[in-house]
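Asks:
Protein chains: 6
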Amino acid sequence: MSRIDGRTPEQLRPVTIERGWSKHAEGSVLISFGDTKVFCTASVTEGVPRWRKGSGEGWVTAEYSMLPRSTNTRGDRESVRGKIGGRTHEISRLIGRSLRAVIDYKALGENTIVLDCDVLQADGGTRTAAITGAYVALADAVSWAQKRKLVKHGRQPLTGTVSAVSVGIVDGTPLLDLCYEEDVRAETDMNVVCTGDGRFVEVQGTAEATPFDRKELNALLDLATGGCTELAAIQREVLAAVLTD
Amino acid sequence: MSRIDGRTPEQLRPVTIERGWSKHAEGSVLISFGDTKVFCTASVTEGVPRWRKGSGEGWVTAEYSMLPRSTNTRGDRESVRGKIGGRTHEISRLIGRSLRAVIDYKALGENTIVLDCDVLQADGGTRTAAITGAYVALADAVSWAQKRKLVKHGRQPLTGTVSAVSVGIVDGTPLLDLCYEEDVRAETDMNVVCTGDGRFVEVQGTAEATPFDRKELNALLDLATGGCTELAAIQREVLAAVLTD
Amino acid sequence: MSRIDGRTPEQLRPVTIERGWSKHAEGSVLISFGDTKVFCTASVTEGVPRWRKGSGEGWVTAEYSMLPRSTNTRGDRESVRGKIGGRTHEISRLIGRSLRAVIDYKALGENTIVLDCDVLQADGGTRTAAITGAYVALADAVSWAQKRKLVKHGRQPLTGTVSAVSVGIVDGTPLLDLCYEEDVRAETDMNVVCTGDGRFVEVQGTAEATPFDRKELNALLDLATGGCTELAAIQREVLAAVLTD
Amino acid sequence: MSRIDGRTPEQLRPVTIERGWSKHAEGSVLISFGDTKVFCTASVTEGVPRWRKGSGEGWVTAEYSMLPRSTNTRGDRESVRGKIGGRTHEISRLIGRSLRAVIDYKALGENTIVLDCDVLQADGGTRTAAITGAYVALADAVSWAQKRKLVKHGRQPLTGTVSAVSVGIVDGTPLLDLCYEEDVRAETDMNVVCTGDGRFVEVQGTAEATPFDRKELNALLDLATGGCTELAAIQREVLAAVLTD
Amino acid sequence: MSRIDGRTPEQLRPVTIERGWSKHAEGSVLISFGDTKVFCTASVTEGVPRWRKGSGEGWVTAEYSMLPRSTNTRGDRESVRGKIGGRTHEISRLIGRSLRAVIDYKALGENTIVLDCDVLQADGGTRTAAITGAYVALADAVSWAQKRKLVKHGRQPLTGTVSAVSVGIVDGTPLLDLCYEEDVRAETDMNVVCTGDGRFVEVQGTAEATPFDRKELNALLDLATGGCTELAAIQREVLAAVLTD
Amino acid sequence: MSRIDGRTPEQLRPVTIERGWSKHAEGSVLISFGDTKVFCTASVTEGVPRWRKGSGEGWVTAEYSMLPRSTNTRGDRESVRGKIGGRTHEISRLIGRSLRAVIDYKALGENTIVLDCDVLQADGGTRTAAITGAYVALADAVSWAQKRKLVKHGRQPLTGTVSAVSVGIVDGTPLLDLCYEEDVRAETDMNVVCTGDGRFVEVQGTAEATPFDRKELNALLDLATGGCTELAAIQREVLAAVLTD
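Protein chains in written order, with our numbering: chain A, 17 to 261; chain R, 17 to 261; chain E, 17 to 261; chain U, 17 to 261; chain V, 17 to 261; chain H, 17 to 261.
Here's what the structure looks like:
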């Protein structure tokens with residue numbers, strides 16, 4: 017079976033990650049998964065939220081948002097509506113949890129890193145692109161904090177790498193990294209977040225049309241694990257380059 | 017290993033489902049999973065949201081909320097704070113999706129059913145109890161609509177049953193149906209929603225402390241499938257009784 | 017004249033008060049006035065709001081809310097609408113004032129007690145049931161605080177008891193404790209809050225259809241005083257039983 | 017006993033009512049009860065709220081607000097805080113109910129009149145001044161609507177007059193029309209709304225410090241009835257003058 | 017050309033400024049530019065916002081609002097809508113900036129003055145009347161603070177006077193101080209804020225219908241400068257009178 | 017005098033305008049004025065807001081926003097705070113007015129174009145870059161609508177071009193196109209919006225530190241007119257290139 021954009025079922029869309037996209041942020045990345053483009057910045061501030069003060073531990077959190085015309089038809093701004101929608105909340109929380117899974121709070125010390133993931137253009141998989149890009153921005157922000165001695169010597173706040181990909185069953189076939197058109201038609205839709213060593217951080221599978229059985233679930237998990245491994249390799253390669261401030 | 021409350025790892029807490037708990041709602045249930053108590057009502061209204069008008073199809077949606085003192089320390093009311101938190105949004109959306117998975121929109125016709133799940137007392141697993149109880153309230157509401165001829169003859173809007181349970185890894189052991197104390201200590205936490213025939217509607221696994229591998233994931237899925245099968249049997253039994261208006 | 021539900025004009029609906037309905041709250045009660053059911057919890061916290069700090073005096077406040085399907089047709093959640101309606105505000109304030117009328121702030125010390133009154137099922141008189149039930153929850157919370165030595169020895173923070181009832185004129189006849197159908201048809205509607213010794217804490221009378229004269233007002237006050245006396249006896253009786261944590 | 021401002025217990029503060037204070041509004045009044053000054057406008061619009069369309073009946077509603085520096089220390093604007101407080105809600109509702117008590121909806125036809133009562137300077141009794149002034153603005157607005165034939169010929173939408181006054185017990189003495197200093201010290205505080213023929217529209221009594229008995233209640237009602245009779249006379253006299261547009 | 021109200025193009029409407037209009041505020045003014053009436057109060061509080069603490073410098077800010085029926089048709093209250101509109105925000109900011117232009121923060125010391133400008137009746141030029149009136153209220157508030165030694169001896173917090181006026185091109189003719197009817201028909205509309213010595217604090221010109229050229233801009237600036245000079249003279253004269261508390 | 021970044025006083029920063037930056041929007045541009053980068057999209061929808069229906073005329077409006085980390089320190093999201101700040105409101109309104117100045121509503125017909133201007137990186141002059149970029153996106157959106165026959169044949173909805181630039185006085189010297197560091201130090205700050213033929217659409221000058229006189233104002237207007245002429249030339253050049261969908 018050939019996919020809408022000519023990919024094989026187990027093929028990712030072209031992935032690009034540009035570091036240093038902002039002159040202000042401590043870490044910043046423009047990531048694209050095909051036509052999905054997400055701008056991720058990591059902002060470091062000394063200190064932690066009130067409920068964590070005096071613990072000696074840091075904090076990492078995330079906010080996700082879509083620009084109004086990142087989609088095919090313009091959506092209202094959440095700032096204008098005066099409230100954040102459920103989907104936005106859900107994805108922001110997912111990104112935050114995913115990145116915290118590879119953070120050693122003690123090593124980070126009482127510093128806070130906020131990841132902002134703003135979708136400039138959406139074509140499916142915005143949350144998985146956001147997690148994958150945010151990890152790179154986070155890694156740059158941690159390096160920045162280490163250079164400025166905000167983070168204590170001799171202990172690495174990052175305990176691993178993290179990336180994410182969507183998988184789904186379309187017309188009975190399990191596919192990796194769904195674009196928007198595939199996502200709309202998927203019977204089952206799953207987002208998987210993995211560490212670089214292939215373990216799971218989040219598994220979120222939803223039967224959109226018909227419930228799925230264990231065999232289908234296994235096929236999807238196999239695809240996702242493979243995709244995350246590829247993404248981890250891309251992250252490593254991108255981070256190998258020295259970033260000049 | 018013996019659990020905090022003396023259960024074996026694969027044992028559910030005592031489950032009770034009282035139907036007809038409200039004289040106003042078309043379906044209503046007080047469900048308890050141990051000390052977790054959720055009040056679920058199903059409200060039927062003719063007509064559908066604007067974006068669905070003229071489609072000939074119905075709609076099912078859900079709202080979840082916790083009473084301020086359902087927890088150990090009092091939480092602020094979301095109505096007083098003026099906005100709904102991310103967790104509430106996320107769970108409301110999960111309940112809605114889970115129930116829509118067993119609804120035939122065409123058979124429901126242009127009617128809307130809203131499930132309200134209000135947690136009276138929380139001790140872990142509020143979202144899974146809510147889904148399991150809301151299904152029973154939904155079934156009663158559908159019967160009500162059929163008796164009043166709101167729903168066309170000869171076609172069943174419910175395509176199956178749905179129930180949910182939490183599972184998690186505590187001190188290295190996979191456990192079924194976590195109570196609050198276990199939930200807080202879990203390394204990995206998963207909520208699984210299944211149809212009565214054992215297929216998956218939602219799988220949401222989160223590594224709270226350390227990422228989990230495929231083997232652990234499989235152990236959790238096995239436990240959850242067993243738990244949902246038991247819950248489906250309880251639902252069937254409860255619904256077998258005739259409810260007198 | 018016989019009433020809709022067969023009562024005499026000066027007869028209360030059946031009243032039940034179940035204490036200890038929550039395992040978390042310091043005081044908790046499920047109260048019913050006929051088909052009206054209100055869940056009242058009392059939450060004790062050390063400390064007082066900022067404007068009262070250092071005064072040596074405590075504070076008592078209340079929040080009232082109706083579950084969306086506590087009524088005949090489902091109402092929107094105030095948390096979803098993002099603001100609290102005028103009626104909710106008004107009743108929350110009434111409950112708070114009523115309970116503060118029997119509190120000795122000095123004896124309570126710098127502790128705060130919040131009464132949450134959530135209407136599970138409404139059939140008229142929700143605010144009067146809430147006040148009557150909240151008093152019992154408050155009394156249990158005060159006992160709890162005394163046992164834990166939060167409240168200083170030798171001085172009782174409760175200076176009396178408080179209960180409330182509605183009265184109204186329907187088809188020219190003054191009636192006690194209106195159910196919803198009577199309330200809708202009432203020409204005049206009054207809520208009266210009394211202490212156990214028969215004095216008034218609040219008197220709120222409203223001409224719904226036609227203004228009322230002094231004679232009608234007196235008839236309503238007579239009925240209400242009688243009703244509150246009966247409710248005070250029920251409260252005393254219920255509180256006489258020892259509550260085992 | 018002599019009062020703070022030299023009045024006898026049963027004496028009103030000086031009352032002034034200036035009609036025609038706005039060139040835009042269909043009715044407008046600047047009323048003062050001593051140092052309390054409230055600006056009341058009545059705005060007529062054809063049509064009624066959606067829930068009343070096609071009924072052939074009109075609607076009257078009110079909004080009360082205090083300017084930020086109408087009080088001794090500046091209060092935050094409710095528009096800036098983004099929500100209306102409970103007290104504001106409560107008073108707006110009271111004013112609306114009070115005026116609706118003298119409106120014949122059928123005679124008004126499908127027209128809406130909104131009363132805006134903005135407190136320019138507060139010194140106790142703002143709600144009672146607002147009701148008393150709003151009645152005069154309402155009467156002018158009704159005349160305006162009659163002249164423009166918005167209201168059908170031969171039937172008077174106003175079925176009577178309405179005025180309001182506060183009473184309270186200060187140092188054991190019942191007093192009429194409390195100024196702010198008296199209000200703060202009152203053991204019991206009551207707002208009474210009467211029609212011009214001496215019947216009650218609203219009676220709202222609150223024990224601020226100690227519960228009150230029937231005898232005290234009767235003394236307060238006597239005072240209030242007298243005060244409202246005086247206010248009704250002032251309203252009649254003011255309205256007797258022809259207002260030139 | 018004769019204007020709607022008979023003025024010449026370079027003529028202001030009658031201006032009145034009444035000081036001491038509130039018994040509570042430290043400075044208060046009722047200003048009218050023809051039928052435009054704005055009530056301005058200045059509230060002094062010791063201390064400054066958090067971001068300015070410890071700087072030794074004071075702060076001045078402003079809030080502008082229109083009463084719902086200050087205009088020809090009633091507008092919704094911003095408190096009821098739950099948010100402040102863009103126009104209100106914009107004008108509040110303009111008033112604040114205009115008054116801060118004549119404040120020496122060091123001389124004011126760590127005190128805050130809030131100017132509230134509430135439009136009682138609108139007929140064009142509400143923001144310019146507000147600035148002109150607020151200056152007088154501010155001057156009185158500063159005197160008040162000096163008398164009470166809140167402001168240190170020997171240094172004047174006010175570095176000059178400030179006033180404002182609108183100008184516009186109507187049917188090709190530049191006009192001073194537009195009333196509402198002229199404002200609606202203006203091709204170009206400009207608000208100019210000047211110090212008493214004729215320099216500019218703000219110049220805000222907007223082409224409503226057709227862009228304007230440099231010559232037109234110059235003609236408008238000439239008119240505005242003349243108008244502000246006249247207003248400064250009125251302010252001086254009004255402030256020359258002693259205000260008795 | 018040499019400027020921070022080596023420019024002469026009358027020199028613009030490097031300006032780049034990339035068209036077609038979004039695959040979804042009908043017009044889209046990434047514009048940079050030096051390090052200030054704004055992403056502008058133009059969204060066309062058939063129909064107009066309710067208040068304009070049946071007029072045969074179109075509507076153009078704009079929304080401006082800054083990404084949280086577009087600035088040197090991270091700002092809160094307005095969607096999270098639940099309200100839009102005054103500055104955002106003010107700039108959105110300015111952009112909308114500026115673009116409407118070159119729109120023939122009749123020629124546009126009953127279509128709406130929304131311009132979204134999201135600041136990706138801020139270094140002074142974000143509002144002027146937004147207006148200049150939004151014009152190009154608007155021009156592309158109008159062409160798109162013409163090709164699809166949404167806009168009637170034979171009449172051009174755009175009556176001219178529009179661009180904007182900031183000017184200010186820094187250390188006594190008038191400068192064109194201030195970067196952030198200059199903006200912070202400016203005594204006077206002005207934003208000027210011009211049509212391509214050199215006339216003014218908006219002139220907004222503010223004395224930040226000291227009031228400015230007529231001579232200074234003239235110098236700033238001369239600089240701004242020159243800057244806008246240059247920007248108009250760049251716009252023309254960029255639009256000359258054919259954009260392939």
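For glycine and all other residues, C-beta sits at the position ideal for the given N, C-alpha and C. Predicted model, so just to flag it, every value in this text is computed and none were measured.
Are the Cβ atoms of residue 37/H and residue 48/H separated by less than 9 Å?
Replies: Result no, Cβ atoms of residue 37/H and residue 48/H do not sit closer than 9 Å.
Asks: Using beta-carbon positions only, say whether residue 251/H and residue 33/H come within less than 9 Å of one another.
Replies: Yes, they are a contact pair.
Asks: Considering only their Cβ atoms, is the gap separating residue 202/U from residue 186/U smaller than 9 Å?
Replies: Yes, they are a contact pair.
Asks: Which residue from 163/A, 158/A, 191/A, 181/A puts its Cα closest to that of residue 175/A?
Replies: Cα-wise, what sits closest to residue 175/A is 158/A.
Asks: Residue 210/R and residue 240/R: beta carbons closer than 9 Å?
Replies: For residue 210/R and residue 240/R, yes; Cβs fall inside 9 Å.
Asks: Applying the criterion that 16 or more other CB atoms from any shown protein chain within 10 Å of the CB defines a buried residue, is residue 253/U buried or exposed?
Replies: So residue 253/U ends up on the exposed side.
Asks: Hey, could you find the ends of the beta strand (DSSP E) residue 75/V is sitting in?
Replies: Residues 75 to 82.
Asks: So residue 217/H contacts chain V; which residues on that side make the cut at Cβ distance below 7 Å?
Replies: In chain order: 223, 227.
Asks: What residue range does the beta strand (DSSP E) around residue 86/H cover?
Replies: That residue, residue 86/H, is in no beta strand (DSSP E); it is neither H nor E in DSSP.
Asks: Could you check whether residue 138/R and residue 40/E sit closer than 9 Å to each other, using their CB atoms as the reference points?
Replies: Contact: yes.
Asks: If we define contact as Cβ-Cβ less than 9 Å, is residue 98/A a contact residue for chain H?
Replies: Cβ-Cβ to chain H under 9 Å: yes for residue 98/A.
Asks: Mapping DSSP to helix, strand and coil, what is residue 62/R?
Replies: In the structure shown, residue 62/R sits in a strand (DSSP, three-state: E or B).
Asks: In the DSSP output, which residue or residues are listed as bridge partners for residue 218/H?
Replies: The partner list for residue 218/H (beta bridge, DSSP) reads 222/V, 209/H.
Asks: Residue 171/H: buried (16+ other C-beta within 10 angstroms of its C-beta) or exposed?
Replies: With fewer than 16 other Cβ atoms within 10 Å, it is exposed.
Asks: Classify residue 173/H as buried or exposed, calling it buried when 16 or more other Cβ atoms lie within 10 Å of its own Cβ.
Replies: Burial call: buried.
Asks: Should the stretch 66 to 81 of chain U be regarded as contacting the stretch 68 to 80 of chain E, the criterion being three or more beta carbon pairs within less than 8 Å?
Replies: Taking 8 Å as the limit for Cβ pairs, the verdict is that the stretch 68 to 80 of chain E does not touch the stretch 66 to 81 of chain U.
Asks: Which of the three DSSP states is assigned to residue 177/U in this structure?
Replies: Three-state DSSP puts residue 177/U in coil, outside helix and strand.
Asks: If we count the other Cβ atoms within 10 Å of its Cβ and call it buried at 16 or more, is residue 53/E buried or exposed?
Replies: Classification of residue 53/E: buried, given that the 10 Å Cβ count is 16 or more.
Asks: Quick check on the burial criterion: 16 or more other C-beta atoms within 10 angstroms. Buried or exposed for residue 198/H?
Replies: Its Cβ being crowded by 16 or more others within 10 Å, residue 198/H is buried.
Asks: Name the chain U residues that come within less than 9 Å of residue 220/E, Cβ to Cβ?
Replies: Those are 218, 219, 220, 221, 222, listed as they occur along chain U.
Asks: From the DSSP output, in three-state form, read off residue 122/R for me.
Replies: Note: residue 122/R maps to helix in three-state DSSP.
Asks: Looking at chain R, is there any beta carbon in it that lies within less than 9 Å of the beta carbon of residue 70/A?
Replies: Residue 70/A does not count as touching chain R.
Asks: So for residue 254/V, helix, strand or coil by DSSP?
Replies: In the structure shown, residue 254/V sits in a helix (DSSP, three-state: H, G or I).
Asks: Just checking: is the beta-carbon of residue 180/V within a distance shorter than 9 Å of some beta-carbon in chain U?
Replies: No, its Cβ sits nowhere closer than 9 Å to a Cβ of chain U.
Asks: In chain order, what residues of the stretch 106 to 135 of chain V put their CB closer than 8 Å to some CB of chain H?
Replies: Answer in chain order: 106, 108, 109, 113, 117.
Asks: Which value, in whole angstroms, describes the spacing of the CA atoms of residue 235/A and residue 244/H?
Replies: Approximately 60 Å between the Cα atoms of the pair.
Asks: Could you list which residues in chain R have their beta carbon closer than 9 Å to that of residue 142/A, in chain order?
Replies: Result: empty, since nearest Cβ-Cβ is about 17 Å, beyond 9 Å.
Asks: For residue 247/V and residue 180/V, what's the separation of their Cα atoms in angstroms?
Replies: Distance between the alpha carbons of residue 247/V and residue 180/V is about 8 Å.
Asks: If you count every other CB in all the chains shown that lies within 10 Å of the CB of residue 218/A, and 16 or more means buried, which is it?
Replies: Residue 218/A comes out buried.
Asks: The alpha helix (DSSP H) with residue 112/U in it runs from where to where?
Replies: Start and end: 102 to 116.
Asks: Can you check whether the CB of residue 87/A is closer than 9 Å to the CB of residue 61/H?
Replies: No; because the gap between Cβ atoms is not below 9 Å, this pair is not in contact.
Asks: Note down the Cα distance separating residue 212/H from residue 154/H, rounded to an integer number of angstroms.
Replies: Rounded to the nearest angstrom, the two C-alpha atoms are 15 Å apart.
Asks: Among 168/V, 144/V, 207/V, which residue has its Cα nearest to the Cα of residue 56/V?
Replies: The shortest C-alpha separation from residue 56/V is found at 144/V.
Asks: From residue 269/H to residue 77/H, what does the alpha carbon distance come to, in whole angstroms?
Replies: For chain H, the structure presents residues 17 to 261; residue 269/H sits outside this window and is missing.
Asks: What span of residues does the alpha helix (DSSP H) with residue 94/A cover, start to end?
Replies: Element bounds for residue 94/A: 94 to 97.
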